[in-house]
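Student: Numbering (this note's numbering), first residue to last: 8 to 285. C-beta: ideal position from N, C-alpha, C; glycine also. As the structure is a computational prediction, the values presented were derived from the model and not from experiment. Sharing a structure here in structure tokens format.
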Ligand SMILES: Nc1ncnc2c1ncn2[C@@H]1O[C@H](COP(=O)(O)OP(=O)(O)O)[C@@H](O)[C@H]1O
Ligand SMILES: [Mg+2]
């Protein structure tokens, strides 16, 4: 548990957020319905929901990539475009630039910020070292394993020292061993840097071992279906957390709450795939 949260200021505030998409035939589809949420400075919040429920849409609204149809997002009490805090974003996709070596991928954001070559290479080198990627500085992304590429993506975001980091299912396609190792690294980084993290996942276990608080979204249009404080002590050792009776109880409680939505999501996915194949 993050003991200090009670005294912390609100970092990010979502106020009555709704969002609709219009499809190619002009039909409107409501993805998010009236979500309000306050996230504290230094809090680790996981947002969990079934596939297609609107998680990425909500995250993109939170970090300013997508303008909501209704409602507002405040960072440190200001509209996102006026906010002074730095934002980091790690998406589901492998976003490394294939023509850049590891070190130049890590330094990319710093280059865009206009940092000197000396400074950006020094920051990138340090991060490469602390994340166990020494010796791979001059490799191209295709020469790395999936887990290593993810690490490069994470340290590229960290290089700019963001106050708030948004992560959209960052470890989705990885095997469980690599995933556990990277989750442990995220916890270490977070405990050192004290950033605010908003972490999207459909993996309930992942949400429990990482977060201070879990926000459970309903199926579309996404609303907040339930909220859970995670009372596991910190620092956490991920493999050990999973044998804790509290973990198992909370996992079951969340699963029981979400399973009907998962069924609906699966039926819809099945229906959409069947339509495509007609
Ligand atoms: N740019 C878009 N245009 C139209 N529909 C979209 C767009 N992005 C997402 N959607 C739809 O909005 C719903 C929610 O999508 P998304 O937020 O990606 O869900 P999740 O991340 O939970 O899987 C889905 O039905 C998806 O097909
Ligand atoms: Mg998504």
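Measuring alpha carbon to alpha carbon, tell me which residue in 179, 185, 202 is nearest residue 167.
Tutor: 202
Student: With distances taken Cα to Cα, identify the nearest neighbour of residue 134 among 109, 242, 205.
Tutor: The residue with the shortest Cα to Cα distance from residue 134 is 109.
Student: Rounded to the nearest angstrom, what separates residue 223 and residue 265 at their Cα positions?
Tutor: 8 Å
Student: Please name the residue, chosen from 48, 59, 245, that lies closest to residue 9 on a Cα-to-Cα basis.
Tutor: Minimum Cα distance to residue 9 is reached at 48.
Student: Three-state secondary structure (DSSP) at residue 188?
Tutor: Reduced to three states, the DSSP call for residue 188 is helix.
Student: Secondary structure at residue 63, three-state DSSP: helix, strand or coil?
Tutor: helix
Student: Are the stretch 11 to 31 and the stretch 73 to 86 in contact at 8 Å, needing three or more beta carbon pairs?
Tutor: yes
Student: By alpha-carbon positions, which one of 150, 97, 90, 122 ends up nearest to residue 106?
Tutor: Looking only at 150, 97, 90, 122, the smallest Cα-Cα distance to residue 106 is reached by 150.
Student: Report buried or exposed for residue 148, applying the criterion of at least 16 other Cβ atoms within 10 angstroms of its Cβ.
Tutor: Under this definition residue 148 is a buried residue.
Student: Going by the DSSP bridge assignment, what does residue 224 pair with across the sheet?
Tutor: Answer by DSSP bridge pairing, in chain order: 231.
Student: Is the separation between the beta-carbon of residue 178 and that of residue 66 shorter than 7 Å?
Tutor: no
Student: List the DSSP bridge partners of residue 17.
Tutor: 47
Student: Let me know if residue 4 comes out buried or exposed under the rule of 16 or more other beta-carbons within 10 Å of its beta-carbon.
Tutor: Outside the modelled stretch of the chain, which goes from 8 to 285, sits residue 4, for which no answer is possible.
Student: How many angstroms separate the CA atom of residue 185 from the CA atom of residue 159?
Tutor: 14 Å
Student: What would DSSP say about residue 203, mapped onto helix, strand or coil?
Tutor: strand
Student: On the three-state DSSP scale, how would you describe residue 210?
Tutor: coil
Student: Quick one: Cα of residue 170 to Cα of residue 246, how far?
Tutor: 28 Å
Student: I think residue 55 touches residue 187, with their Cβ atoms under 8 Å apart; what is that distance to the nearest whole Å?
Tutor: By a beta-carbon distance limit of 8 Å, residue 55 does not contact residue 187. Their separation comes to about 18 Å.
Student: Should residue 190 go down as buried or exposed, given a rule of 16 or more other Cβ atoms within 10 Å for buried?
Tutor: Label assigned to residue 190: buried.
Student: Can the beta-carbon of residue 138 be found closer than 7 Å to that of residue 119?
Tutor: no
Student: DSSP on residue 173, reduced to helix/strand/coil?
Tutor: strand
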